[in-house]
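J.: Chains as they are written, first to last, in this note's numbering: chain S, 99 to 273; chain C, -5 to 338. For glycine and all other residues, C-beta sits at the position ideal for the given N, C-alpha and C. On a predicted model such as this, the values are computed, not experimentally measured, just so you know.
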Amino acid sequence: MTVKAVERPKRTLATQIYLIEVWKGLAITFRHLFVNLYRHLLRRPDASVTIQYPEDPAVLGRRARTRHRLLKRDDGAPRCTACLLCETICPAKCIRITAENAPDAMIEKRAKTFQIDLGMCVYCGYCVEACPVDAIHMDADDVDTSRYSRKDMIWDMAELMGDKPKRPSAPVADR
Amino acid sequence: MNFVDAIWTVVKVAAGVAFGMNIAGLLGWVERKQSAVMQDRIGANRADIFGFRILGLFHPLADAIKMLTKEDFVSSSVVQPLHTIAPVIAMGGGLFCLAALPYGGTIQFLGRAWSLQPLECSCGVPLVLAALAFGVHGVMMAGYASGSNYGMLGGLRGAAQMVASEVCLASSLAGLLFLYGTLDFQQAVAWQSAHAWGIVFQPLAFILFLTAGAAVTKRTPFDLPEGESEIVGFHVEYSGMKFGMFLITDFMESIVICGVTAALFLGGWLIPGLDLPSMGLLGGVLMLASFTVKVLALLFLLMQIRWTLPRFRFDQLLDLGWKNLLPLSLLNFLVTAWGIYLWR
Ligand code: SF4
Ligand code: SF4
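#1: S/Leu139 versus chain C: which residues are under 9 Å apart at the beta carbon?
#2: Could you tell me the boundaries of the beta strand (DSSP E) in which S/Thr196 lies?
#3: Are the beta-carbon atoms belonging to S/Arg279 and S/Val231 less than 8 Å from one another?
#4: When the Cα of C/Ala206 is compared with those of C/Tyr144, C/Ala127, C/Gly148 and C/Met239, which residue comes out closest?
#5: Using only the heavy atoms of ligand 1, determine whether one of them is closer than 7 Å to the beta carbon of S/Ile193.
#6: Could you tell me the alpha carbon to alpha carbon distance between S/Ser267 and S/Asp240, rounded to whole angstroms?
#7: Give me the Cβ distance between C/Gly87 and C/Ala125, rounded to the nearest whole Å; I'm assuming they're in contact under 8 Å.
#8: State the beta-bridge partners of S/Trp253 as determined by DSSP.
#9: Can you give the Cα-Cα distance for C/Ala80 and C/Gln155, rounded to whole angstroms?
#10: Taking just the CA atoms, how far does C/Val72 sit from S/Arg273?
#11: Tell me whether C/Trp191 sits in a helix, a strand or coil according to DSSP, three-state version.
#12: Could you give the residue range of the beta strand (DSSP E) that holds C/Ala107?
#13: Under a Cβ-count criterion, where at least 16 other Cβ atoms within 10 Å of its own Cβ denotes burial, should C/Leu325 be classed as buried or exposed?
#14: At a CB-CB cut-off below 7 Å, which residues of chain C make contact with S/Ser146?
#15: What's the gap between the Cα of S/Leu169 and the Cα of S/Asp144?
#16: Going by other Cβ atoms of all chains shown within 10 Å of its Cβ, with 16 needed for buried, is C/Ala30 buried or exposed?
#17: Going by the DSSP bridge assignment, what does S/Ala209 pair with across the sheet?
#18: Could you give the residue range of the beta strand (DSSP E) that holds C/Phe103?
#19: Leaving out five residues before and five after S/Ala200 in sequence, what residues of the same chain have Cβ atoms less than 7 Å from its Cβ?
#20: Quick one: Cα of S/Leu135 to Cα of C/Val289, how far?
#21: Can you give me the Cβ contacts of S/Lys187 inside the same chain, cut-off strictly under 7 Å, excluding the 5 residues immediately before and after it?
#22: Any beta carbon of chain C sitting closer than 8 Å to that of S/Arg142?
#23: Along chain C, in chain order, which residues have C-beta atoms closer than 7 Å to that of S/Thr110?
#24: Taking only heavy atoms of ligand 1 into account, decide whether any of them is closer than 7 Å to the Cβ of S/Ala190.
#25: So with CB distances below 8 Å, who are the chain C contacts of S/Leu216?
#26: When you compare the region 102 to 116 of chain S with the region 11 to 25 of chain C, are there three or more beta-carbon pairs, one atom per stretch, that lie closer than 8 Å?
#27: Would the beta-carbon of C/Leu353 fall within 8 Å of that of C/Thr255?
#28: How big is the Cα-Cα spacing for C/Met340 and C/Lys236?
#29: If the cut is a Cβ gap below 9 Å, which residues of chain S does C/Gln28 touch?
#30: In this structure, how does DSSP classify S/Arg273 when only helix, strand and coil are distinguished?
#31: Within 8 Å (strictly less), CB to CB, does C/Thr302 reach chain S?
#32: Name, please, each residue of chain S whose Cβ falls closer than 8 Å to the Cβ of C/Ile299.
#33: Can you confirm whether S/Phe212, when its beta carbon is compared against all beta carbons of chain C, has any partner nearer than 8 Å?
#34: Looking only at DSSP bridge pairs, what is S/Pro288 linked to?
#35: Given that S/Asn134 touches chain C, what residues does it touch there, using C-beta distances under 8 Å?
#36: Can you name the residues of chain C whose CB is closer than 9 Å to the CB of S/Thr164?
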């Protein structure tokens, strides 16, 4: 069993008076306050855990679900066989796939177009789970997906495979 | 009262109110930064003017601009004119208290005596407490006038809590005022100047008063009337500057509580070892500085408590007020009274 039973702390007169416990709590917060202020004065980086995001890069967990990525075969062709399992399971209904015949008879079918509307995606990761050929991953480590128009939130196949950089449709002021 | 006195009083009242308003604005910044630093964060630092950020000090300014320019949405369910009056009443009580605090004593300058307390009154302490208690009307009125059940419940919680703590607030001061033998701030300070700071004689009353004071000002751990994140509070139907007035009122009431504490427990404008009233203009400046420093230190302590303790449950809060603070402060009063009787 991984359950660890923790004994409930006993109520004593000292805890019932409450003032002593308040003082203990204040001691902790005061210590943090003054230690951090001292570190801020010395401009030490450990003064806070805040990541100043747009200036400093975001630190993502290893298993973070980020923007989708379509994978390729060894010969550079897309792995996706257009089985539509991801489109079917997607709870946000934000994947659009059209299929075509693949030149390789063993593969039979491949995606002609593949679009994900990141403006609707809920980042549930079901598409990754559903894919039988491991063609779609959510590990692009890209979280700057917001754009100025809904249209720009839709990523097409080349962009998802990394063959074409994502550019805004209309010129907008560089921020 | 001659002409100079009248002008001087107006100037002092304006200065007292400005003191409170500015510190209230500053508290918005302190609140963010202090909580951030003690939680290993940085805190709001993005508001800038021409690229200067100065530790996020422009955020209160940005807040004020936002509050003033925001749409003042009034739902059709509200009860007018109570809905509009409520924030004015809540804030009016706080403003009045600010004008009655003893920022300094009386100094000799240019051949006449200048008193540094804006509104002088022989019953200053009960006056401030009464004006502070007036704030509960604003809260109840806001809750009722919202025409919303959430606002109503928040107002009721606010009323129950503020009455419970207001009673303790006054009764915890009883022993101290008995000791000073006066209701006047200046005479209380004079007594402390002759003997010792009030906190030496009444440490229990100090704790009781600060606790009840935190409850009266509706700040965490006693912020049940508004319950910013979980339960909706009495100002749910307010937006724009009307909401801002409730916000500022909380800060101003904290300043008043700290001001009264400083005046009655921490020697007011006294600086140990210095005879300020005889030092002329310099003495006056030092009086103001001493009082301000004491108030700021108390505010710092209250702010730290606010960010350290979790919110009380409502029954715990009422228990604390009626079953613990009130008996303790009455006991404190009895013991003090007997002590004074035997001592004399
Ligand atoms: S992560 Fe979820 S919502 Fe997003 S595309 Fe995949 S299945 Fe759809
Ligand atoms: S589940 Fe995989 S193979 Fe099937 S359509 Fe989606 S990405 Fe292509």
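T.: According to the structure data:
#1: Within 9 Å Cβ-Cβ: nothing; S/Leu139 doesn't reach chain C, min ~11 Å.
#2: Ile193 to Asn199
#3: Nothing in the structure corresponds to residue 279 of chain S, since chain S is present only between 99 and 273.
#4: C/Ala127
#5: yes
#6: 19 Å
#7: 5 Å
#8: S/Ile214
#9: 18 Å
#10: Unreliable positioning characterises S/Arg273 in this predicted model, as indicated by a pLDDT of 48, which lies under 50. A coordinate reading is not provided.
#11: coil
#12: Arg106 to Ser109
#13: exposed
#14: Asp34, Arg35 and Ile36
#15: 39 Å
#16: buried
#17: S/Ala197
#18: Thr100 to Phe103
#19: Glu206, Lys207 and Arg208
#20: 21 Å
#21: According to the sequence as given, residue 187 of chain S is Ile; it is not Lys. Closer than 7 Å at the Cβ level, and outside the excluded window around S/Ile187, lie Tyr224, Cys225 and Ala228.
#22: no
#23: Neighbours of S/Thr110 on chain C: none; closest Cβ ~17 Å, over 7 Å.
#24: yes
#25: Here the premise fails: no neighbours, minimum Cβ distance about 26 Å.
#26: no
#27: With chain C covering only -5 through 338, there is no way to say anything about residue 353 of chain C.
#28: Since the first residue of chain C shown is -5 and the last is 338, residue 340 of chain C is not available in this structure.
#29: Leu131
#30: With a pLDDT of only 48 at S/Arg273, under the threshold of 50, the placement of this residue in the model should not be trusted, and no figure is reported.
#31: yes
#32: Val120 and Leu124
#33: no
#34: Since the first residue shown for chain S is 99 and the last is 273, residue 288 of chain S is missing from the structure and cannot be characterised.
#35: Val31, Met32 and Asp34
#36: Simply none; closest approach about 24 Å.
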